[in-house]
Structures are given as structure tokens and as C-alpha cells.
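Worksheet for the structure shown next.
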Amino acid sequence: QYTLMIYGGTALLLVSLFQWAGTPEYKVPVHHEHLSRYSNGNLGMMWFIVSEVGLFAVLISGYVYLRLAGLAVPPVDRPLLALAALNTLLLVSSSFVLHYAEKHLEKGRATRFTLGLFLTLALGSIFFLFQIYEFTLFGSEVDWTGNLWASVFLTLVGLHGLHIVIGAVGVALPYYQILTGKIDKHNHGSIGPASLYWHLVDIVWIVIVVIFYIW
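Here it is, written out as C-alpha cells:
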């Protein structure tokens, strides 16, 4: 019953988001004046990112403490650094692609912008699939319920994976907006907040690689 409610609620949320994304705000072009240098969407996302940074900072600080205290000892068969390096390349590349996609939109190059968003989603999807593979492989080799390091690793990496999914939905919204004509050179839709959030998950992943795969 609860599973059905979760799936149903998620589906309803996604339908509502994309319905909002494809609905024009104004029937005629409108020039926006901002009291600050940031739009309301970007400013709101910045504050949300502050809360996300706080969440990951608390979890990472807790892990660092456990590690220094000798309570969270990495197992011999820890996840492969090579796979993490590949995932890092994928995610960092996706951030660069998304950044340049925004630049193309500012110059009115809708086709290149659309391609950039598509490539970002593709790279993010491949990253997520590799994470699922890693979870399956590592989970079958180590009893995470009896290993504190493995428990923290799966918690943090799993939480980051959830943020990848959320970020991908965020990028998919402006992709849908450009396809439905809501985005153009002057109206950027939700690409600004989506881009900020995607760069956040990129930075968090680099920190995760350092503290779990290298340290």
C-alpha cells in the first residue's frame, strides 16, 4: 500500500512539474526587472543549495570523525577507484556541457542548447547506471550492516545518487521547455536553477571520491 502511494505521488509530482514547465507564463513577451542581479528562481535555488550543503557537510563531517577515530575502517575490497574516476569524468563533462549549453541559449542558438541538455541528461544517466552497478557489486561483497565504513559509504553515495535523479529531472524541465517553445533567447525558463543544482551534485561527488575512494 505504501509503495503504491510513493509511486503514485512521484508520478503525480512529475506530471505536475512538466505541465507547469510547458505552460507559458505570459501571452506576450515581458521584460523582467530584478531588484538584485539574480532572478527569483536563481536566488531561491541558491538558498536551497545552502541547505543542501549543510546536509552533506554534516554527513561528511561525521564520516571524517569516525574515520579519524578509527571507527570506520575501509574494507580490503573497497569500491574501485577506476570506476569512480570514470564516473567523475562523466559528471564533470556533463557540467561543462550544461554550462556551454547555457551560453548557446544566451546567443539564441536553440539547437545547440537543446543538444547540450540532451548530452547532459545522457551523461548523467550513464553515471547513475554505473552507480547502480557499483552498489550491486559492492553490496554483494561486503555486509554493510556489519561494517560502519560500508554503511556510511552506501548512505552518502546513495543520497548523492538520489540528488542525481532530482538534478536530472531539473535539467529535463528546460529540455521540455525548449521543445514546447517556452524558452528562447530572452526567456530562459528554469535552466538557471537547474544548472546551479547540477553543478552542486558535481562538486559533492568530487568530495565523495576524495574521502571514500582515495583517502
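Using our numbering, you'd call the opening residue of the sequence shown number 59 and step up by one each time.
For glycine and all other residues, C-beta sits at the position ideal for the given N, C-alpha and C.
query                                                                                                          : result
Alpha carbon of GLY182 to alpha carbon of VAL229, nearest angstrom                                             : 10 Å
Residue nearest to THR238 in terms of C-alpha spacing, selected from PHE76, TYR65, LEU62, GLY80                : GLY80
Three-state class that DSSP yields for ASN145 in the structure shown                                           : helix
Sequence-distant residues of the same chain with beta carbon closer than 7 Å to PHE270, five excluded per side : PHE211
As assigned by DSSP and simplified to three states, the class of TRP105                                        : helix
Terminal residues of the alpha helix (DSSP H) in which THR169 lies                                             : 168-199
Pairwise C-alpha distance: THR146 and TRP273                                                                   : 16 Å
Minimum C-alpha distance to PRO137 - residue among GLU199, THR61, ASN245, GLY66                                : GLU199
Cβ shell of PHE171 (< 7 Å), same chain only, five flanking positions each side left out                        : ALA159, HIS162, LEU163, ILE236
CA nearest to the CA of ALA226, picked from TYR123, ALA180, MET103                                             : ALA180
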